[in-house]
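Q: Numbering (the working numbering), first residue to last: 898 to 1079.
Backbone N, C-alpha and C define an ideal beta-carbon position, used for all residues, glycine too.
This structure is a prediction, so every number in the text was calculated from the model and none was measured.
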Ligand SMILES: CC(C)(COP(=O)(O)OP(=O)(O)OC[C@H]1O[C@@H](n2cnc3c(N)ncnc32)[C@H](O)[C@@H]1OP(=O)(O)O)[C@@H](O)C(=O)NCCC(=O)NCCS
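(1) For residue 968, which three-state DSSP category applies?
(2) Less than 7 Å separating the Cβ of residue 972 from some heavy atom of ligand 1?
(3) I want to check one thing, is the minimum distance from the CB of residue 986 to the heavy atoms of ligand 1 below 7 Å?
(4) Considering only DSSP beta bridges, list what residue 975 is partnered with.
(5) Which whole-angstrom value is the C-beta distance of residue 964 and residue 975, which I expect to be below 8 Å?
(6) Between which two residues does the alpha helix (DSSP H) carrying residue 1007 extend?
(7) Report yes or no: do the region 978–990 and the region 1000–1009 share at least 3 C-beta pairs separated by less than 8 Å?
(8) Straight-line CA distance for residue 949 to residue 971?
(9) Please determine, among 968, 928, 930, 958, the residue with the shortest C-alpha to C-alpha distance to residue 916.
(10) Spatial neighbours of residue 1042 within its chain, please: C-beta separation below 6 Å, excluding the five flanking residues on both sides.
(11) Using a 10 Å radius around the Cβ and a threshold of 16 neighbouring Cβ atoms, would you call residue 1044 buried or exposed?
(12) Which class does residue 992 belong to by DSSP, given the choice of helix, strand or coil?
(13) Find the nearest neighbour of residue 994 within the set 1011, 1059, 985, judged by alpha-carbon distance.
(14) What's the gap between the Cα of residue 952 and the Cα of residue 945?
(15) Straight-line CA distance for residue 1014 to residue 959?
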C-alpha cells in the first residue's frame, strides 16, 4: 500500500485511463492482478477470498457492475460489485466487493475513477446506500474510501468455532459411498 509521504509527491499526477465494463477476455488479467493485491494473508474482507471463481461468478451474476480501468492496452484496475434488495424494504443497496489498482499505479487517481463510474451505475439502479468493507489495518483503503465520501465505520467482531475435532465426512461423499456397488 502506498505511504502518505509518497502519495503527496505524486499528488495531482494522473494517468489517462478509460473505465469500461469487464469483458470475457479480461477475466484472466483481472484475476492475476487481484492475486497481486489480495494475497491469502492480506485479505480485505474475511468471508471472501480471491480466486478465479470469484471473478467468474461476478462476471456471470452482475456483469454490468464489473468494471476495468484500461491504460493503453493494459488493464490497470478493476471494480466488482453487486446490488442487494431486502425483502419488505423499498431500499436497494450497493456492495462494492473488490476494488483494486495495479500496485505501481497507486495514487494516480485510477481508484477514484473506477469508484466514480461504479457510483454512477449504482445511482442509475436506484441504490440508496453503498457498502464497502475493509480490514481495520488496511489504512490506504480506509483513507481512500473516506475520501470517496464513506463514513460511519462500524466495528465488526468475528468469532470462530473450531469444528476440527467433530469433523464429519461431507454429505456428498457419504451418499456416494453408500450407493450399492454394481
Ligand atoms: C484502495 C485503492 C483501490 C486506491 O486506488 P488508487 O488508484 O491508489 O487511489 P486514488 O489515486 O484514486 O486515490 C484517491 C484518493 O484517495 C486517497 N488515498 C488513496 N490511497 C491512499 C493512501 N494509501 N494513503 C492515503 N490516502 C489515500 C487520497 O486522498 C487520494 O486522493 P489524492 O491522490 O488527491 O490525495 C488501491 O490502493 C488498491 O488497489 N489497494 C489494494 C486493494 C484494496 O485494498 N482494495 C480495497 C478493498 S477491496
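A: Let me lay it out:
(1) It is a strand residue.
(2) Exclusion of residue 972 from the 7 Å shell around ligand 1 follows from its C-beta lying no nearer than that to any non-hydrogen atom of the ligand.
(3) For residue 986, the shortest C-beta to heavy atom distance toward ligand 1 is 7 Å or greater.
(4) DSSP output for residue 975 lists 965, 997 as bridge partner(s).
(5) About 6 Å separates the beta carbon of residue 964 from that of residue 975, a gap short enough to meet the 8 Å contact definition.
(6) First-last of the alpha helix (DSSP H) with residue 1007: 1007–1021.
(7) Contact between the region 978–990 and the region 1000–1009 is absent, because fewer than three Cβ pairs lie under 8 Å.
(8) The C-alpha of residue 971 is placed about 19 Å away from the C-alpha of residue 949.
(9) Nearest C-alpha to residue 916: 968.
(10) The answer, listed in chain order, is 1029.
(11) Using a 10 angstroms sphere on the CB of residue 1044, the tally of other CB atoms stays under 16, which defines it as exposed.
(12) Of the three classes helix, strand and coil, the one that applies to residue 992 here is strand, per DSSP.
(13) If we check each option's Cα against that of residue 994, 1011 comes out closest.
(14) Taking the straight line joining both Cα atoms gives about 12 Å.
(15) Roughly 15 Å between the two C-alpha positions.
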